[in-house]
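Following: one structure in structure tokens, then a few remarks.
Numbering (this note's numbering), first residue to last: 10 to 688.
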């Protein structure tokens, strides 16, 4: 049988692979495809690798075995013999591994990424690409590295179980409605019964639902969802949309189904591990790079995070926000930073980066630097394509792909210093932050030498004003680019920018809001954009911010402040009435990272349930009791919600920041301790 279509999913079978393909008529086909999996074994001690290879080749299940030379971590300078064997079943692959472990003849190496992913990579079978399959042959029908590729025509089906106007938060709640969305179009938002009838008629390829919704449907309507779509993805764990997942899948060879339960860090490490395969760099789990003995002085001077200022709180007029494009990944790429290149004792040629005690080897390209350069280039190429207007794919889909790559780049720095990182090290992590601090200091100095004022710095963002006077953001952007040698861009131009004050009188480093020159608002860190904010408090703050957004000069801003006090009083009366619907007061907490014995509200709520869940929804009742929403609470704590409302309004009641006064070193403090390299 010959099939032309897109690879939707791949799973190992007893012999070879089972490939699920969506053809050009959107029908599903399962194709059995014969492949050879590969295993890798490093001999122990003085065991002769050639003899061990012959012994492994003699096993009934093994097709062939041979010896190859691979580079050994941590610096990949010396070669070691590795027995590579081929086998036609993943089940038998693990059987051979079990025999090797039991006999003690060797270590299992190169077991990351998963053998399925490595096999797809060796055979060039990128998930979500268009292929022709026939006679146990596969031919790729598109440029699998293109940035403007035609999206696979996968039908996505998203469900949301409703109780009234809100989604359900527990499998113990009884929904009375369902929302069904097919390819971003709502096809049903009505009773559950009619929705179930519609689902039985629909057919899709990828289903989207929360864990709670999937469990409820499987429990009450067993088998229904799997008959509707072969793949179901947990929407609560999605950092990006379906087109972003497809981009990750094509970059990492991980099927979309597996991405549902895969962290961004695993996507990144898989990409790096496949790049390591090309170089014959061994992957040995637990083989980290040991940090050398260091003095307390060294820790104080070098073991710091990126540049994060504590800004002066207040209101600033005419502000430019300049962001460096993927600064940390760009530093990694430009300075050749990787686990094996930093403090390599065998290096012939190295550089000493500014502000760092470490040395970077430059006599070969670093693995992590190579991957970062590729990802940054791909992200910027997508951006350039969108700006050029020559794209054949929609800008919305391209933006989603670009956002997906951005998430990988964001995770890259943290994983570089992760203690179990396969390709990073704490020393590499410190080197990046030291260069970041140097770059941001240069940027600030250059801006101030041109007469401008830096009011805030947040990792790779610089906020600049002209003491309240008009400012040309293009000029500021050019000054920073020429001074640093890195690519910045104008992220935002504010008519005004407000920085709230903490209880200690300092400005928040990661909390601000402002009116852009196009009239819209940009909000960072406020109550209205946090997941754990009750809808009533969110609505109140958004209503107040809408009033502030109409102010375009100081006089109108002062008038707007008076009006939002009226909004606050209105919502105070609503809370005091005791008649607020419970769904307007619900608080959602993510408890995945909470310690079991924590007295966190999420844990206290979870203790009242008879099942485990990554998120809980509750109401704060009188005497500060946390009542799960599924327990149908009838009263709420007026005191608690009034206090929450007051906090929400306190953080937006920003007045003058004395625009003629420069913050200076005393009030614009550089904390540089946002993230520790001890992950």
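Cβ coordinates follow ideal geometry from the N, Cα and C atoms, glycine included. Note that the coordinates shown come from a computational prediction; the quantities given were computed from them, not determined experimentally.
Whole-angstrom distance between residue j and residue i, CA atom to CA atom
i           : j           : result
residue 442 : residue 330 : 21 Å
residue 162 : residue 135 : 16 Å
residue 293 : residue 83  : 10 Å
residue 338 : residue 468 : 13 Å
residue 354 : residue 71  : 40 Å
residue 529 : residue 289 : 51 Å
residue 454 : residue 319 : 17 Å
residue 58  : residue 105 : 16 Å
residue 545 : residue 239 : 38 Å
residue 421 : residue 576 : 43 Å
residue 492 : residue 448 : 9 Å
residue 285 : residue 382 : 15 Å
residue 129 : residue 28  : 11 Å
residue 560 : residue 551 : 15 Å
residue 473 : residue 538 : 24 Å
residue 479 : residue 327 : 6 Å
residue 610 : residue 631 : 14 Å
residue 209 : residue 235 : 11 Å
residue 24  : residue 133 : 19 Å
residue 231 : residue 271 : 26 Å
residue 36  : residue 143 : 17 Å
residue 14  : residue 334 : 36 Å
Local Cβ density within 10 Å of residue i, reported as buried at 16 or more and exposed below that
i           : result
residue 616 : exposed
residue 233 : exposed
residue 644 : exposed
residue 313 : buried
residue 439 : buried
residue 358 : exposed
residue 185 : exposed
residue 183 : exposed
residue 249 : buried
residue 26  : buried
residue 10  : exposed
residue 396 : exposed
residue 717 : With the chain covering 10 to 688 only, the question about residue 717 has no answer from this structure.
residue 107 : exposed
residue 513 : exposed
residue 572 : exposed
residue 660 : buried
Identity of the residue in the options nearest residue i by Cα
i           : options            : result
residue 274 : 50, 141, 418, 587  : 418
residue 87  : 94, 93, 79         : 79
residue 146 : 46, 26, 215, 42    : 42
residue 456 : 559, 179, 475      : 475
residue 362 : 320, 286, 185, 444 : 444
residue 385 : 484, 502, 260      : 260
residue 487 : 479, 452, 501      : 452
residue 548 : 270, 352, 593, 633 : 593
residue 649 : 660, 629, 658      : 629
residue 470 : 503, 427, 392, 317 : 317
residue 193 : 587, 532, 174, 164 : 164
residue 535 : 128, 342, 522      : 522
residue 160 : 31, 142, 173       : 31
residue 223 : 241, 611, 351, 631 : 241
residue 125 : 113, 103, 595      : 103
residue 482 : 503, 100, 494, 465 : 503
residue 69  : 597, 101, 277      : 101
residue 112 : 155, 81, 138, 64   : 64
residue 283 : 321, 376, 204      : 376
Any chain C beta carbon closer than 9 Å to residue i
i           : result
residue 418 : Looking at the structure shown, chain C is missing, and only one protein chain is on hand.
heavy atom of the ligand SAH below 8 Å from residue i C-beta
i          : result
residue 27 : Inclusion of the ligand SAH in the displayed structure is not the case, the ligand content being empty and no account of it being possible.
>> Does the contact criterion of 3 or more C-beta pairs under 8 Å hold for the segment 13-22 versus the segment 263-270?
In response: yes
> Can you list, in chain order, the stretches of the beta strand (DSSP E) that have 3 or more residues and sit fully within the segment 140-186?
Replying inline: 146-149, 165-172
> Are the segment 164-176 and the segment 204-219 touching, with three or more C-beta to C-beta distances below 8 Å?
Replying inline: yes
> Should the segment 621-630 be called in touch with the segment 506-517, which here means at least 3 C-beta pairs below 8 Å?
Replying inline: no
>> Using a Cβ distance threshold of 8 Å, determine whether the segment 399-411 contacts the segment 247-256, with at least three qualifying pairs required.
In response: yes
> In the segment 316-357, which residue ranges form an unbroken beta strand (DSSP E) of at least 3 residues, counting only runs that do not cross its ends?
Replying inline: 323-333
>> Does the structure place the segment 334-353 close enough to the segment 430-440 that three or more beta carbon pairs sit under 8 Å?
In response: yes
> Whole beta strand (DSSP E) runs in the segment 569-642 with 3 or more residues, listed along the chain?
Replying inline: 596-599, 624-630, 634-637
>> Quick check: the segment 633-642 against the segment 559-566, are at least 3 beta-carbon pairs closer than 8 Å?
In response: no
> Below 8 Å, can you find three or more Cβ-Cβ pairs linking the segment 185-205 to the segment 44-53?
Replying inline: no
> Which full runs of the alpha helix (DSSP H) of 4+ residues lie inside the segment 227-262, going along the chain?
Replying inline: 233-237, 251-261
> In the segment 445-490, which residue ranges form an unbroken beta strand (DSSP E) of at least 3 residues, counting only runs that do not cross its ends?
Replying inline: 462-467, 470-474
> Which ranges would you report for the beta strand (DSSP E) in the segment 56-105 if only whole runs of at least 3 residues count?
Replying inline: 73-80, 88-96
>> If contact is defined by three or more beta carbon pairs under 8 Å, each pair taking one atom from either stretch, is the segment 94-108 in contact with the segment 364-371?
In response: no
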